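Written below as structure tokens is the structure these notes are about.
Number of protein chains: 2
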Amino acid sequence: MKTKIAFPGNGQKRIVIEKVSPNLENGLYPLKAIQGDSIPINADIIIDGNDLVSARILYKSPSQTKWQTASLIDMENNRWSGWLHFHEIGYYEFKIEAWIDHAKTWLSDTQIKIKNHITLDVELSQGISYLQKIAKLASKELEKEITSWLQILHNKDNYQAKIALLSSYPFEECILTNPIVYNATQSFSQGIYIDRPKAQFSAWYTCFPRSTSKIAGQHGTFKDVEALLPRLQEFGFDTLHFPPIHPIGTTNRKGKNNAETASSSDPGVPNAIGSNLGGHESIHPELGSISDFKKLIEVCKKRNIDVAIDLAIQCSPDHPWVKSHPEWFTIRPDGSIKPAEMPPQVFNDIYPLNFECADWQNLWLEIRNIVLQWAEWGIRAICVDNPHTKSFHFWKWLIAEVHANYPDMIWLSKAFTKPKVKHQLSKIGFTQSITYFTWRNSAKELRSYLEELTQTEVKDYLRPNFFPSTPDILPFGLQTNQTEPYLTRLFLAATLSSNYGVYGPAYELMYHEANFPKEEFKNAEKYEIKHWNWEERNKITHTYTLINRIRKENTALQLTNNLTFCETSHEEVLAYVKVAENGNRILAIANIGHESEVQVDITLPLSLLLKGEFDIFKAHNLFTGERAYWQGEHQTIHIDSRMYPFLLFRIED
Amino acid sequence: MKTKIAFPGNGQKRIVIEKVSPNLENGLYPLKAIQGDSIPINADIIIDGNDLVSARILYKSPSQTKWQTASLIDMENNRWSGWLHFHEIGYYEFKIEAWIDHAKTWLSDTQIKIKNHITLDVELSQGISYLQKIAKLASKELEKEITSWLQILHNKDNYQAKIALLSSYPFEECILTNPIVYNATQSFSQGIYIDRPKAQFSAWYTCFPRSTSKIAGQHGTFKDVEALLPRLQEFGFDTLHFPPIHPIGTTNRKGKNNAETASSSDPGVPNAIGSNLGGHESIHPELGSISDFKKLIEVCKKRNIDVAIDLAIQCSPDHPWVKSHPEWFTIRPDGSIKPAEMPPQVFNDIYPLNFECADWQNLWLEIRNIVLQWAEWGIRAICVDNPHTKSFHFWKWLIAEVHANYPDMIWLSKAFTKPKVKHQLSKIGFTQSITYFTWRNSAKELRSYLEELTQTEVKDYLRPNFFPSTPDILPFGLQTNQTEPYLTRLFLAATLSSNYGVYGPAYELMYHEANFPKEEFKNAEKYEIKHWNWEERNKITHTYTLINRIRKENTALQLTNNLTFCETSHEEVLAYVKVAENGNRILAIANIGHESEVQVDITLPLSLLLKGEFDIFKAHNLFTGERAYWQGEHQTIHIDSRMYPFLLFRIED
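Top line first, the protein sequences correspond to chains A and B.
Just so you know, the first sequence maps onto residues 671 to 1323 in our numbering.
Just so you know, the second sequence maps onto residues 671 to 1323 in our numbering.
Here is the structure:
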């Protein structure tokens, strides 16, 4: 009879490691954490028989090439636990290693025998054999100690000295801390990408640099942007985000309001990238030079503001690649390049790249080189436009490749697409993701969506970034000249999610001309240069300043997954609590409905707020500075939306 | 700049396949099903962009060496669904394959253009190119049809004929059913072990053949066992299980009640396997010859009874391997073999094998050969004694290897050990597993344990087999001369689990002498030959007969995971429902407490029982034959435990 089933590689291994936690698809995708985080590591370690097991965490930080060890302790029911601390930014890996510790088993058995007055015999020879093995790898000092122990054990007389030695603490410590590791089992390796803190806590401000000139009709420049930085800083934003800043194509250029033909004065759509002036590696000359842009990045950095730019991987028919690398596009049987299509619509100003092309490796390298060049300019945040129309494998590779050189790069996925496609992009490496928040309006919708983001497996890989509107999306709720919805959506974005952003100054100016019934702007900025009032100060800008300051002062608002909703008596009032490890406790209440005044009963999660049923505590209104004394889980709250359609409290002792 | 991150093997692949269901640790362990089962297969198929995807199930049955295909249909939210049907016994494998279907995308886009009266141009050349590719792999008939279509498409005139062709059903069918598969993505491969039906539905009867003689003091034989078969069949058991039947060692033999020394008349413990008469491949001569045993197996098979024997991988000091293969044991520094130990206890009559020994492959092969030899005798069910003290990798290999030759072999894991160790054994291939049922007594304990077995991931790999007692375990609840606990535990075992067994005739004779406060027998059968009354008929044997007949007649009782508990008004009354796909519906109610009469309100899960709130339906008492008419979810039930401590109804229309 022949064997039909192959032997395992090493049949002497007796340990199985399972349910390593945390993990994402058993190590297929990296987890996410932030520099300074500590994470509990757990695993089931399962073994046949009664021998004792030892186990440890093996891990590599970005700067280490060899595996380091961290301890893992046997808890109960075959579950082992330890911790990893992340000090560096970049890609960490860990795995679990476990082995049958025969020396530990022998020590334990022998000590039981000693306690039961069983005379030791062959056990002593066994001990000598273990000590000899340990000595081979031991420090000089320990080797010396072991030599002295071996003399005791080899001595034919003095049985009592041997017993005393085997019962002694130094001997036990030597056996337990110098494991003889062989036939060890290792788990899969799980990656954890450690980002800089801004990956988790950021306030974005999107604007078109070409609309920043103070002179009407004039094309804005990076120098004009510089002049706006004090305003941005007054409002408290920390990431300044631009749509594409590259030369814009002229062939089939779109006019105002997406008109099929452009007049000679139309500036074109920034997303129709590439002209005879260059492609993604170049800058639209009317915005300034590369050194102007580098200077802007430098000046922003001094104010702790990151400049983020769009990566839109698509070309105008005038992009240099169309001539230099037509093989990177989809070539039709007649030799022409296929434009973007969504039949029956055709978008003749855009040529998509073909990620299935035979020359994919050079295409990937070229895009990598562009991003690395941006990074050399000083860019450390990239907003990818429509990443869901390019291949997942490509993003996974590109992000890892750029991170290997610039581990502090933040990648925001701007993918308004199906949930699982959006989730996949986060799994393969995007630092943050745009979400459906923009279209979640009722309290019920918001609660259900936030619970999905923060309480399901999605929390392990997707860091949301909440935008109330974008240059492409003006939701119905903001197609109004009423201030309240703008205040509410801003408040929700900034307090529900630790990452959020606005499309300004359209937002603070409540620019709301819409192509109703579509959720998009009329006279949208992407087709024309706007002349905004950059001096405006109003209730919305005041709220920017206040909410961003409060976010910086309250660590509970610097996390997203620490969210707990409260029951309320009014179906259009959303109340939620965020608590940080340092004891910072925030209660947010928003009136989402149309009533200008509401009275609402809220049930507080007292134990989460570290309060007992009879405790009296302070509710500090962070917008007005008022402090009220509360007691018990039931609170009746009055919201006057004419003041503010929300309330924000810090719970204090 | 050099690339630091390796390119993926094929960067042109654009599809990701995730959350394949069912799966066990992403294909690491096989799932379990039964011959004749159909199982729904699902997967998330995720792709960038808007191209259309096609996907299919690839599977291999045990008799096939090439992958077969089964269809998979796009449901919603990127979830695809299909079915697999299992006709053969043995190891199946399946995986999911998906690819971007450019021809399907082209057809869909083109049809939209036709509907929108857009004149086709390059689309027609594209169609010709797809048809030419399809023709290469097509049947003669289809190739002929394609040739005629190509003539239409190549004709410079008659545009309308081209449009009519592209809109026709045969053309669409040709494109959709002849996929051009390339750059396809495949998921991991998931195994499913398909067992014969008895793996899922069986009633075991464990007895010691040496205690089957009708003459007191005489060693029982296989011929004596044959004489008992009519009785076994009257009771309705279908699997006759024996402790080890091999030669018993004499060195350090244990006497009655585990005495350290045996008298010359003591027969020894069957688990101390091996003497100068042979080891695991031999049969204890007093039981009979190999041909006697083969004859017994044959006679049993005619009565649809399987003979199951114990596989206890351990040796007496007299086992032939001790001399022929001392390297398979643990050799101590002084050259001696280490006996079984649980310090401070030493078991000098047992030598455990060392699965870490250097010669592990030959040890594995030797055990494999023994099991194959048993299979040649006709054995198709093996009860492994203490599998948790041998290596997991070994069992995984052994079971797969034996299944490759005898796919209908049933492996029962008799592992009374930690939960995760027990679960691991089921994951790596054991057909059935002994459970903690033996020690779950209260209604609350039973409900919680059964919910763990049937509603958590455990249900995917562990098929429970419920034994109220075993030769090694006499639980406190059965240390009594009262009939009710014996009836209750039998009823619970036989109705909660589709696989169950009893240790007879100790069970029906209520043999309850115990080594109190231990949960074990006094004068246990494993240390001595018993003279039982094999003629006994009583309320317990009557219940065997009835319950086994009812199980055979009601398919709902032939499954375990179809269990739903009902709320009851009495904390010591357990009520549960089992429903089968064919409409068979069973309601079981057991009085687990000590009151001889109870009145209890039970809430029925009406929708599960296919009944509406106002429907009148029959509750058919399967023990008395009485039929009552019931209506509504609330029923008051009277249990007189002096009659039976349980009630068993079939819900009928």
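Glycine included, C-beta positions come from ideal geometry on N, C-alpha and C.
On a predicted model such as this, the values are computed, not experimentally measured, just so you know.
Apart from the 5 residues on each side of it in sequence, Lys-926(B) sits with its Cβ closer than 6 Å to the Cβ of Tyr-1197, Glu-1198 in its chain, given in chain order.
Leu-1179(B) sits close to Asn-1203(B), with the two beta carbons spaced by under 8 Å.
8 Å or more divides the Cβ of Gly-752(B) from the Cβ of Thr-1059(A). Secondary structure within the region 749-820 of chain A: the alpha helix (DSSP H) runs of 4 or more consecutive residues, fully enclosed, are 772-785, 792-807 (chain order). With respect to chain A, the C-beta atom of Arg-1255(B) has no partner C-beta closer than 8 Å.
The criterion of a C-beta distance shorter than 8 Å is not satisfied by Asp-908(A) and Lys-965(A). Contact with chain B is found for His-1063(A), since one of that chain's Cβ atoms lies less than 8 Å from the residue's Cβ. In the assembly as shown, Met-745(A) is an exposed residue. Its beta-carbon has fewer than 16 other beta-carbons within 10 Å. Within chain B, the residues placing a beta-carbon under 8 Å from that of His-1058(A) are Asp-718, Gly-719, ordered along the chain. Looking at the backbone, the Cα of Glu-1265(B) and that of Gln-903(B) are separated by about 34 Å. Closest by C-alpha distance to Glu-793(A), out of Lys-783(B), Leu-801(B), Ile-1001(B), is Ile-1001(B). Taken in chain order, the complete alpha helix (DSSP H) segments of 4 residues or longer contained in the region 980-1008 of chain B are 990-994. Contact between Ile-1262(B) and Glu-1242(B) holds: their C-beta atoms lie close to 5 Å from each other, under 8 Å. Per DSSP, the unbroken alpha helix (DSSP H) holding Val-1041(B) starts and ends at 1030-1047. If the five residues before and after Phe-1107(B) are omitted, its C-beta is found closer than 6 Å to the C-beta atoms of Phe-1136, all from its own chain and listed in chain order.
Separation of the CB atoms of Trp-998(B) and Asp-1029(B) is rounded to 6 Å, and the pair is thereby assigned contact status at 8 Å.
When the five nearest sequence neighbours on each side are left out, the beta carbons in the same chain lying within less than 6 Å of the beta carbon of Asp-936(A) are those of Gly-925, in order along the chain. Below the 8 Å Cβ cutoff, chain A contributes Glu-695, Asn-696 as neighbours of Asn-696(B), in chain order. Only those residues of the region 798-812 of chain B whose C-beta falls short of 8 Å from the nearest C-beta of chain A are listed: Ile-798, Ser-799. For Glu-1322(A), the beta-bridge partners assigned by DSSP are Lys-1288(A). For Lys-826(A), the nearest beta carbon of chain B is not closer than 8 Å to its own beta carbon. In this structure, the straight-line span from the alpha carbon of Lys-1188(A) to that of Ile-784(B) is close to 27 Å. About 16 Å separates the beta carbons of Ile-798(A) and Leu-812(A), which is beyond the 8 Å limit, so they are not a contact pair.
For Ile-743(A), the CB contacts under 7 Å within the same chain, skipping 5 residues up- and downstream, are Trp-750, Ser-751, Gly-752 in chain order. A Cβ-Cβ distance of about 18 Å is found for the pair Gly-887(B) and Ile-918(B), leaving them out of contact under the 8 Å criterion. Following the DSSP letters along the chain, one finds Lys-674(A) in no alpha helix (DSSP H), marked with neither H nor E. When beta bridges are read from the DSSP output, Gly-948(A) appears opposite Ser-945(A).
Within chain A, the C-beta atoms nearer than 7 Å to that of Lys-783(B) come from Pro-1013, Pro-1014, in chain order. Under DSSP, Val-1016(A) forms a beta bridge with Glu-1011(A).
Chain-order list of chain B residues neighbouring Ile-788(A): Pro-1014, by C-beta distance under 7 Å. With fewer than three CB-CB distances shorter than 8 Å, the region 948-968 of chain A does not count as touching the region 928-935 of chain A. One Cα belongs to Lys-1088(A), the other to Arg-684(B), and the distance between them is close to 16 Å.
Under the Cβ distance rule, Gly-906(B) does not count among the residues neighbouring chain A, no pair being separated by less than 8 Å. Cβ atoms of Phe-871(B) and Gln-1269(B) stay farther apart than 8 Å, at about 34 Å.
Comparing alpha-carbon positions, the option among Met-1313(B), Leu-1274(B), Leu-1278(B), Arg-1312(B) lying closest to Trp-1300(B) turns out to be Leu-1274(B). Cβ-Cβ distances below 6 Å link Ser-883(A) to Gly-890, Asp-894 in the same chain, with the five nearest sequence neighbours on each side left out; the list follows chain order.
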